[in-house]
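S.K.:
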Amino acid sequence: MSNLILYELEGCPYCAKVKNKLSELDLEYESKMVPRSHSERTEVEEVSGQTGVPVLVDEEHGVEGMSESDDIVEYLDETYAN
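In the UniProt record's numbering, the protein residues as written are 1 to 82.
#1: In three-state DSSP terms, what is S37?
#2: Tell whether a beta-carbon distance below 8 Å holds between L27 and V18.
#3: Return helix, strand or coil for L76, following the three-state DSSP convention.
#4: Let me know if E40 comes out buried or exposed under the rule of 16 or more other beta-carbons within 10 Å of its beta-carbon.
#5: Within the same chain, show all residues whose beta-carbon is closer than 7 Å to that of L25, passing over the 5 residues directly before and after it, in chain order.
#6: Ignore the nearest five residues each way along the sequence and tell me which others in E60's own chain have a CB closer than 6 Å to its CB.
#7: From V53 to L22, what does the alpha carbon distance come to, in whole angstroms?
#8: Alpha carbon to alpha carbon, how far is L9 from residue 83? Give it in angstroms, no decimals.
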């Protein structure tokens, strides 16, 4: 099982940006789709303190709810690029 979990929404361009980086780095991750309605996004809010996506969890490195696609992409590059 992967240590990476990505909270995402179908058709979200910011989520796609993160998924492209995960693919580029050949990283396995668990995808968790969130509801369209922000008021129903309780799980992602518990993890990150907000309802926006994408949100990345990386248990192995102590990342418990990173948001902002640019920050996530930068983090993945710094942590996993060879």
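Where a beta carbon is used, it is the ideal one built from N, C-alpha and C, also for glycine.
Bear in mind that the values here come from a model prediction, so they are computed numbers and not experimental data.
M.R.: Result, derived from the coordinates:
#1: coil
#2: Contact: no.
#3: helix
#4: exposed
#5: Around L25: L76, Y80, A81.
#6: N3
#7: Straight-line Cα distance between these residues: approximately 15 Å.
#8: With the chain represented from 1 up to 82, any question about residue 83 goes unanswered, as that position is not in the structure.
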